[in-house]
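By the UniProt record's numbering, the letter at position 86 of the sequence shown is numbered 86, and the numbering carries on one by one without gaps.
Ideal Cβ placement from N, Cα and C applies to all residues, glycine included.
Just so you know, these numbers come straight off a predicted model, no measurement behind them.
Report on one structure; see the data block that follows.
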Amino acid sequence: MKRKVLPTGKLDINILHKLLNRYPVRDHTILVGPKIGEDAAAIDMGEKALIVTTDPITFATNEIGYYSVIVNANDIATTGAEPRWFTVTILLPESLGTENLVSSIFQQINQACEKLRISLIGGHTEITYGLDRPVLVGQMMGEVQKEYMVSTGGAKPGDLILLSKGICIEGTSLIARERAGDLVSREIPKDLVERGKDFLFHPGIS
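Below you can see the structure in the form of structure tokens.
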């Protein structure tokens, strides 16, 4: 029988649901564990909750370090918590693993951390085979008073959704930065592409 290969993208929700049910969390200090639709876990630390999330950056190559910090910080912020501590695994392909690239990624991470007053507290760096682009896997931790914590599972009909900026800012920036040549070849004005690239910082994705 031919093996079924899973498609590129997020894991099928039905497979994920089955796996999460198979391996339940048994630690009583876990306030929010692994659930479909939840971007962060919450751990009871007394008066406060420790909020933990992880997210990879697998598509962006330009400003990948900045993306890694901001995307993970956003997940923490959705719970009402303040992002505080960041760790990151940096995987570089053999063909691109230069000191200049590593230095550039570290500079990007530092820039984002300083902007949000986050501390880089650890991680892992490696040049490895099987990659055609850099991959960063970030983990962000934050804290919030338990009574102010918000979870996706707590949403109910009638709740208001607050939009702080525009729609699709991150996606627009990502496409403009990674596919600029394709966009221009499709007769998208160059100045519009450049404006899309700048969405990463203005208005920003945080």
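Simplified DSSP state of residue i, which is helix, strand or coil
i	result
Ile161	coil
Glu143	strand
Ala73	helix
Leu31	strand
Thr8	coil
Glu187	coil
Phe199	coil
Lys18	helix
Ala176	helix
Ile167	coil
Ile13	helix
Val150	coil
Val25	coil
Whether residue i touches residue j by CB criterion (8 Å)
i	j	result
Thr89	Val137	yes
Ser151	Val69	no
Glu170	Tyr129	no
Met141	Ala42	no
Phe59	Glu178	yes
Pro83	Leu116	yes
Val200	Pro134	Here residue 200 turns out to be Leu, not Val, going by the sequence shown. Going by C-beta atoms, Leu200 is not nearer than 8 Å to Pro134.
Gly97	Ile57	no
Ser173	Lys197	yes
Inter-residue Cα distance where the pair is residue i and residue j
i	j	result
Leu183	Leu192	10 Å
Val144	Arg186	47 Å
His28	Ile105	38 Å
Glu38	Asp159	17 Å
Pro203	Ile109	19 Å
Lys18	Glu99	43 Å
Ile205	Glu63	13 Å
Lys48	Pro189	50 Å
Ile74	Ala40	According to the sequence as given, residue 74 is Asn; it is not Ile. If you take the alpha carbons of Asn74 and Ala40, they lie about 10 Å apart.
Leu16	Gly181	36 Å
Asp12	Leu6	8 Å
Arg3	Ser164	45 Å
Own chain, CB closer than 7 Å to residue i, minus 5 neighbours either side, in chain order
i	result
Gly122	Thr87
Ile76	Ala40, Ile51, Thr53, Pro83, Met140, Gly142
Cβ neighbours of residue i in the same chain (closer than 8 Å, five flanking residues each side left out)
i	result
Gln139	Val52, Thr53, Thr54, Asn72, Phe86, Thr87, Val88
Ser119	Arg84, Trp85, Phe86, Cys113
Leu101	Leu92, Pro134
Val25	Gly33, Pro34
Residues near residue i in its chain [Cβ-Cβ closer than 6 Å; skip 5 each side]
i	result
Ala112	Tyr66, Val69, Ile70
| At what residue ranges does the UniProt domain "PurM-like N-terminal" (37-144) contain a whole run of the beta strand (DSSP E), taking only runs of 3 or more? | 41-44, 48-57, 82-93, 119-128
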